[in-house]
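Some notes on the structure that comes next.
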Amino acid sequence: MFIFSAIFADVISPYGPDVRDGQNQPPSSAHWLGTDSNEKDVLTRVLHGSRLSLIASITSISCAVVVGVGLGMLAGYNGGRTDMLVMRLIDIWLSFPSLLIAFLVIAALHPGWPAVIIAVALINVPVFARQIRAEMLSLKHAAYAEAAIAAGATPFYMVIFVFLPAVTGTIWVLATLGLGHAILEVAGLSFLGIAGDPSHAEWGAMLVEAKEYLHVTIWPAIAPGIAISLTILGFNLFGDGLREVFNRRSRSM
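Take the sequence shown: its letters are residues 1 to 253, numbered as in full-length UniProt numbering.
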């Protein structure tokens with residue numbers, strides 16, 4: 001539902017994102033979720049905010065998949081010193097609180113959405129690296145893998161055409177579950193004011209604006225909060241469903 005609203009927000013939203021029609025109005029037939037302190041329709045901002053929140057989350061998780069899977073496959077396939085070096089790097093990585101990693105990225109870059117995307121990606125890289133490394137340690141001793149190596153398969157062929165397809169299911173499950181966490185992290189960093197222009201329609205930025213007027217109206221805060229919660233729940237349920245599908249498929253093989 002939220003992916004659909006992100007794609008077609010311009011079509012299904014009742015007003016334009018910059019249309020103004022009275023400040024802090026309660027829900028009515030004209031404004032189903034009322035208006036905010038900037039006189040903008042809350043429902044319209046929630047629909048348009050899904051676009052920026054989902055794009056930032058999907059982009060950050062995609063970057064985390066590329067880096068994390070690469071590190072995990074490198075460590076698991078090579079083993080030995082390479083494995084030890086990569087895993088100690090991951091351990092050091094995990095010793096830093098997520099918020100500290102975000103602040104370090106912001107200090108190195110300027111506040112804005114590129115910095116938020118990089119920060120969220122770095123926070124999620126260890127999750128993929130550790131899981132894929134564990135999968136690789138078991139896969140490289142499988143009978144079909146040893147047979148391919150004995151037949152003269154190169155390391156590049158083994159990683160791209162043998163091991164990567166075998167861990168694709170795990171990657172999809174981790175990425176789907178990670179999207180839920182990424183949405184919360186993106187909203188949290190935006191709430192802290194390090195995502196750039198707060199006037200852009202985004203769920204975390206909407207919460208920042210709404211908290212100043214909670215004594216007047218609660219709808220500008222409730223709407224994006226519910227949107228964040230439902231989106232996280234949706235991705236978690238979708239990830240659990242994918243896990244069941246891939247588990248049944250692996251048991252039937």
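In this text, a Cβ means the ideal position worked out from N, Cα and C, and glycines have one as well.
Discussion item. Which residue marks the beginning of the alpha helix (DSSP H) containing G96, and which one marks its end?
Written reply: Taking the sequence shown and counting its residues from 1, the one referred to as residue 96 is at position 96. According to the sequence displayed, residue 96 carries Phe and not Gly. Counting along the chain, F96 falls outside any alpha helix (DSSP H), and DSSP gives it neither H nor E.
Discussion item. DSSP three-state label for L40, please.
Written reply: Numbered from 1 along the sequence shown, position 40 holds the residue referred to as residue 40. According to the sequence provided, residue 40 is Lys. The question's Leu does not apply to it. Strand, per DSSP.
Worksheet item: Is Y157 buried or exposed, if buried means 16 or more other CB atoms sit within 10 Å of its CB?
Response: If you number the sequence shown from 1, residue 157 lands on position 157. Per the 10 Å Cβ criterion, exposed.
Practice prompt. Please say whether A195 and G112 have beta carbons closer to each other than 8 angstroms?
Written response: Your numbering for residue 112 matches position 112 in the sequence shown. Your numbering for residue 195 matches position 195 in the sequence shown. Taking the C-beta atoms as reference points, A195 is found nearer than 8 angstroms to G112.
Fill in: Reduced DSSP secondary structure (H/G/I, E/B, other) of T176
For the purposes of this step, residue 176 is identified with residue 176 of the sequence shown, where counting begins at 1. In the structure shown, T176 falls within a helical segment according to DSSP collapsed to helix, strand and coil.
Discussion item. When you compare the CB of F191 with every CB in chain C, is at least one pair closer than 8 angstroms?
Written reply: This model lacks chain C altogether, as it is built from one protein chain only.
Discussion item. Assuming V162 is part of the alpha helix (DSSP H), what are its boundary residues?
Written reply: For the purposes of this step, residue 162 is taken as residue 162 along the sequence shown, with counting starting at 1. Counting along the chain, V162 falls outside any alpha helix (DSSP H), and DSSP gives it neither H nor E.
Discussion item. Can you find the residues in the same chain that come closer than 6 angstroms, C-beta to C-beta, to S5, ignoring five residues on each side of it along the sequence?
Written reply: Looking up residue 5 in the sequence shown gives position 5. So the list reads L47 and S50, once near-sequence residues are dropped.
Worksheet item: So, R45 versus A147, is the Cβ gap smaller than 8 angstroms?
Response: What you label residue 45 is simply residue 45 of the sequence shown in a count that begins at 1. What you label residue 147 is simply residue 147 of the sequence shown in a count that begins at 1. The answer is no: Cβ separation not under 8 angstroms.
Fill in: the region 221-231 / the region 201-213 touching (three or more Cβ pairs under 8 angstroms)
Yes: at least three Cβ pairs fall under 8 angstroms.
Item to complete: Count the other CB atoms, across all protein chains shown, that sit within 10 Å of the CB of E135; report buried if there are 16 or more and exposed otherwise.
Response: As a first step, residue 135 is located in the sequence shown; it is residue number 135 there, counting from the start. Classified as buried, E135 has 16 or more neighbouring CB atoms from the shown chains inside 10 Å of its CB.
Item to complete: Mind checking which residues open and close the alpha helix (DSSP H) that includes V116?
Response: The count along the sequence shown starts at 1 and reaches residue 116 at position 116. Where V116 is concerned, the enclosing alpha helix (DSSP H) stretches over W113 to L139.
Worksheet item: Taking the continuous alpha helix (DSSP H) assigned at V11, which residues delimit it?
Response: Here residue 11 corresponds to residue number 11 of the sequence shown, with the count starting at 1. The continuous alpha helix (DSSP H) containing V11 extends over residues A9 to I12.
Worksheet entry | Reference L71; option with closest CA among S60, S62, H181 and D83 | Locating residue 71 in the sequence shown gives position 71, where the first residue counts as 1. With distances taken between Cα atoms, L71 lies closest to D83.
Worksheet item: Quick one: any contact between the region 17-36 and the region 83-92, if contact means 3 or more CB pairs under 8 angstroms?
Response: At 8 angstroms Cβ cutoff, the stretches do not touch.
Discussion item. With the cut-off set at 8 angstroms, would you say G204 and G178 are in Cβ contact?
Written reply: Position 204 of the sequence shown, counted from the start, is the residue given in the question as residue 204. Position 178 of the sequence shown, counted from the start, is the residue given in the question as residue 178. No, the Cβ-Cβ distance between G204 and G178 is not below 8 angstroms.
Worksheet entry | Proximity of I3 and A182 at Cβ, strictly below 8 angstroms | Taking the sequence shown and counting its residues from 1, the one referred to as residue 3 is at position 3. Taking the sequence shown and counting its residues from 1, the one referred to as residue 182 is at position 182. Not closer than 8 angstroms, so no.
Item to complete: Tell me whether E39 is buried or exposed, calling it buried when 16 or more other Cβ atoms sit within 10 Å of its Cβ.
Response: Taking the first residue of the sequence shown as position 1, residue 39 is located at position 39. The residue is exposed, with fewer than 16 neighbouring Cβ atoms inside 10 Å.
Worksheet item: Roughly how many whole angstroms lie between the Cα atoms of Y77 and G241?
Response: Stepping through the sequence shown from its first residue, residue 77 is reached at position 77. Stepping through the sequence shown from its first residue, residue 241 is reached at position 241. If you draw a straight line from the Cα of Y77 to the Cα of G241, it is about 29 angstroms long.
Worksheet item: If we call anything under 8 angstroms between Cβ atoms a contact, is V186 one with S57?
Response: The sequence position of residue 186 within the sequence shown is 186, counting from 1. The sequence position of residue 57 within the sequence shown is 57, counting from 1. For V186 and S57, yes; Cβs fall inside 8 angstroms.
Discussion item. Going by beta-carbon coordinates alone, are V125 and A115 separated by less than 8 angstroms?
Written reply: In the sequence shown, the residue the question calls residue 125 occupies position 125. In the sequence shown, the residue the question calls residue 115 occupies position 115. In this structure, A115 does not lie closer than 8 angstroms to V125 by Cβ.
Worksheet item: Bridge partners of T35, per DSSP?
Response: Position 35 of the sequence shown, counted from the first residue, corresponds to residue 35. According to DSSP, T35 bridges with D41.
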